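Here is the structure we will look at.
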Amino acid sequence: MLTEPFAVGSSLMHRLDPRVKVAAAVVFVSVAAILVRWEALALAMATAVSLVGLARPSLRQLSRRLMLANFFILCLWLFLPFSHAGTPLFQLGPFAGTAEGVRAAARITVKANAILLAFVALVATMPVATLGHALRCLAVPEKLVYLLLFTYRYIHVMEQEYHRLHNAAVIRGFRPKTDRHTYKTYAYLVGMLLVRSLARAERVHDAMLCRGFRGRFYAMRPFFITSMDVASLIVIAAVVGGMACLEWLPTT
Amino acid sequence: MASNDLILSLRGISYSYSRSRPVLDRLDLDLRAGEKVGLVGDNGSGKTTLLHLIVGLKKAAAGTLTVFGREACSEEDFRLVRQGVGLLFQDADDQLFCPTVLEDVAFGPINQGHSPAEARLIAGKVLADLGLGGFEERITHHLSGGEKRLVALATVLAMSPRLLLLDEPTTGLDHDTKERLLAILRRLDIAYMVVSHDYDFLGRVADSVFYMKDGRILTTEEGAIHSHFHIHSFGTLPHQHSS
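Which chain is which? The protein sequence lines are B and G, in order. Here the working numbering is used: the first residue of the first sequence is 1, the next is one more, and so on. Here the working numbering is used: the first residue of the second sequence is 253, the next is one more, and so on.
Dropping the structure here:
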C-alpha cells in the first residue's frame, strides 16, 4: 500500500501555498543537482536540513526514506573510488582507491541527501491530489497532471488486482521456482493485469462520460498566496542565489 | 407531471457482441416518471448491456430509444440523456476516480455547467443527505467497499437525475449498508430501475419487476416476488423482519 506519511501536518511547511513549495523545490533541486564546490554543497545541505526542521516530519519515517536512498548510494561507494583516475589514497588488494573517486562519491552522497530532504520538506508535505493541482497552476500540461493523478488513484486498484490474481495462483499450489512454469505463470499474471487494467480504464472512462465528461477538468478550490508565501519564496530564492554565488563566483 | 408520463421508451432494440448470438433481440421497454422497477435475469442475459445502451455507452444495432420524449441516436443526443439519467456502476472503483470524495461528487455538477463553488455546495448537500457528511476530504481509495458504493451513488445523485439506473447495487454490501441504501432509494422521488439478483432487496425497493430472457423483457405482475428463502443473519437471536 502506498502511503503519504508526510502529507498531513500543521507545520509552517504544511501551511505554505503548494505552488510556492513546488516552485521552490524545482529551483532548489535544479541548482543543487549541478553543484561541485564544497562550500555551495554545504549551504545546500544546511538549507535542506533547515527545511526539514520546519516541516517536522516523523523521524522514523524520514530515516526509513533516507536509508532506502542511501542504500543505492552505498553501491556507488563500492565502485567510484576505484574507477576514478587520480592520486591513490588507499590500496585494496590489486585495486587502488583514489582521492578523486572518494570525493566524487562524497559529493553525490551530500547532493542526493540534500535533494531528498528538500523534497520531503517541500513536496511530500502535501497530498498527491494537491500536488496535481499545484502543477496545473504552474502551467504543467494538463495531460501530464492527469496522468499523475490517475496513476495515483488506480495504482492501488491495480495492486489489489495483482494480489487477487496472485492469490488465485497461490491457493492452487503455485510456488515460484526457476523454471518455465513459473515464468509462464508470471507472464500470464502480468498479461492478465494489463488486460484487466485496460478493461478498467474503459469502464472508468464510461463512468466519466455518464457524468457529462467532455475532456476537460476543472480545479475545485483556488489557492491563496499569503505574505508568508511571498516571504518564503524570497528566502528560498536568496538561498539558492547564495548557492549559485558560492559555486560560480571566482574565489579570491 | 402526470403519472402516465413516459420518460423512457425502447422499441425493437437489438444488440449483439457477436454475429451468432444477439444479447438483446427486438426488446421493448417503457418507464414512466416516478416508476420504481426491478430487473432480473440470468447472468449474461444482457441486463448491464441494456443499461449501457440507455445512456449511450453502447449503440443499439436496431430499434429506437426515446428518453424524456426525445429520440436519442447520436453521441450528442446521449450527452443530453446523461444529464438526466444517472447510472450507478457495478464496481464503485470504476466510478470514483478523483483523489478526494468532494472532487468526485462535484465532478458531475461542474460538467453540467455549475461553478466550482456551486458544485461544492451541491456536493456537500448530497453527501449530507446520504448520511455522508464529513466525508468531503476523505481519499476515495481509502474508503471501505460500502462507503465507496454510497459515495458513488452520491456522485450520480449530485447531477439531479430524473431517472436512476442501478447495476447490482447490493453486491458485496453488508447488512447495514444494504439497509442504508434501501432507505435512500425509498426516499427518492425519481424513477429508477434496479438490476439485481437480490430478490429480497428488489421486493423492498421495486414496485414491479421485469424479467429478462432471450434478449426480451417479460413483465411480471406486481407481487410476483412472493416467497423466498433467506439466511437469518441473526441466527437464533430474537429479531424482527422489516415489512
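Positions of the beta carbon are idealized from the N, C-alpha and C atoms, including for glycine. These figures come from a predicted structure and were not determined experimentally.
{"Item": "If we count Cβ pairs, one from each stretch, closer than 8 Å, do we get three or more for the region 334-352 of chain G versus the region 304-315 of chain G?", "Value": "yes"}
{"Item": "Hey, which unbroken runs of the alpha helix (DSSP H) at 4 residues or more fall wholly within the region 22-47 of chain B?", "Value": "none"}
{"Item": "Taking the C-alpha atoms as reference points, what is the distance between residue 301 of chain G and residue 416 of chain G?", "Value": "15 Å"}
{"Item": "Should residue 68 of chain B and residue 105 of chain B be called a contact, given that it needs their Cβ atoms to be closer than 8 Å?", "Value": "no"}
{"Item": "On the criterion of 16 or more Cβ atoms from any shown chain inside 10 Å, does residue 427 of chain G qualify as buried, or is it exposed?", "Value": "exposed"}
{"Item": "Is the CB-CB distance between residue 29 of chain B and residue 247 of chain B below 8 Å?", "Value": "no"}
{"Item": "Would you say residue 210 of chain B lies against chain G (beta-carbon separation less than 8 Å)?", "Value": "yes"}
{"Item": "Output needed in chain order: residues of the region 365-385 of chain G with a Cβ under 8 Å from some Cβ in chain B.", "Value": "368, 371, 372"}
{"Item": "Who are the Cβ neighbours of residue 142 of chain B in its own chain at under 8 Å, not counting the five residues just before and after it?", "Value": "136, 217"}
{"Item": "For residue 43 of chain B, I'd like the list of residues in its chain whose CB is within less than 8 Å of its CB, leaving aside the five on either flank, ordered along the chain.", "Value": "239, 242, 243, 246"}
{"Item": "On the CB-based measure, 16 or more other CB atoms within 10 Å of its CB, does residue 206 of chain B come out buried or exposed?", "Value": "buried"}
{"Item": "Just by C-beta distance, which residues in the region 154-175 of chain B are closer than 7 Å to chain G?", "Value": "156, 157"}
{"Item": "Closest Cβ-Cβ distance between residue 8 of chain B and chain G: below 8 Å?", "Value": "no"}
{"Item": "Measuring straight from C-alpha to C-alpha, what distance separates residue 13 of chain B and residue 56 of chain B?", "Value": "9 Å"}
{"Item": "Given that a residue counts as buried once 16 or more other Cβ atoms are within 10 Å of its Cβ, and exposed if not, what is residue 347 of chain G?", "Value": "buried"}
{"Item": "In its own chain, which residues sit with a C-beta less than 8 Å from the C-beta of residue 186 of chain B, not counting the 5 before and 5 after it?", "Value": "176"}
{"Item": "Let me know the beta strand (DSSP E) ranges lying completely inside the region 398-430 of chain G, each 3 residues or longer, listed in chain order.", "Value": "415-419"}
{"Item": "Checking contacts by CB at 8 Å: is residue 270 of chain G closer than that to chain B?", "Value": "no"}
{"Item": "Below 8 Å on the Cβ atoms is my contact criterion, and I expect residue 524 of chain G with residue 266 of chain G to pass it. Report the Cβ-Cβ distance as a whole number of Å.", "Value": "What is shown of chain G runs 253 to 495, which leaves residue 524 of chain G out entirely."}
{"Item": "What is the residue span of the beta strand (DSSP E) that residue 265 of chain G lies within?", "Value": "258-268"}
{"Item": "Taking a contact to mean a Cβ-Cβ separation below 8 Å, would you say residue 353 of chain G touches residue 388 of chain G in this structure?", "Value": "yes"}
{"Item": "Can you tell which of G/408, G/444, G/450 has the C-alpha that lies nearest to the C-alpha of residue 425 of chain G?", "Value": "G/450"}
{"Item": "Check whether the region 286-296 of chain G and the region 430-448 of chain G touch, using three or more Cβ-Cβ pairs below 8 Å as the test.", "Value": "yes"}
{"Item": "Return the residue from the list B/109, B/62, B/65 that minimises the CA-CA distance to residue 80 of chain B.", "Value": "B/109"}
{"Item": "Taking 8 Å as the CB-CB cut-off, is residue 429 of chain G touching chain B?", "Value": "no"}
{"Item": "Determine the burial state of residue 321 of chain G: buried for a count of at least 16 other Cβ atoms within 10 Å of its Cβ, exposed for fewer.", "Value": "exposed"}
{"Item": "What does a CB cutoff of less than 7 Å around residue 269 of chain G pick up in its chain, not counting 5 residues either side in sequence?", "Value": "275"}
{"Item": "Within 8 Å of any Cβ in chain G, is that where the Cβ of residue 129 of chain B sits?", "Value": "yes"}
{"Item": "Taking DSSP as the reference, what is the three-state secondary structure of residue 292 of chain G?", "Value": "strand"}
{"Item": "Output the residue ranges of the alpha helix (DSSP H) runs that lie fully inside the region 316-372 of chain G and measure 4 residues or longer, sorted by chain position.", "Value": "327-336, 344-347, 353-363"}
{"Item": "Does DSSP put residue 271 of chain G in a helix, in a strand, or in coil?", "Value": "coil"}
{"Item": "Excluding five sequence neighbours on each side, which residues of the same chain lie with their C-beta closer than 8 Å to the C-beta of residue 4 of chain B?", "Value": "124, 127, 128"}
{"Item": "In the DSSP assignment, find the alpha helix (DSSP H) that holds residue 151 of chain B and state where it starts and stops.", "Value": "142-170"}
{"Item": "Note down, in chain order, each residue of its chain lying with its Cβ closer than 6 Å to the Cβ of residue 27 of chain B, except the 5 sequence neighbours on either side.", "Value": "240"}
{"Item": "Pick out whichever of B/72, B/172, B/32 has its Cα sitting closest to the Cα of residue 118 of chain B.", "Value": "B/32"}
{"Item": "So which residues on chain G does residue 203 of chain B lean against when the C-beta distance must stay under 8 Å?", "Value": "341, 343, 346"}
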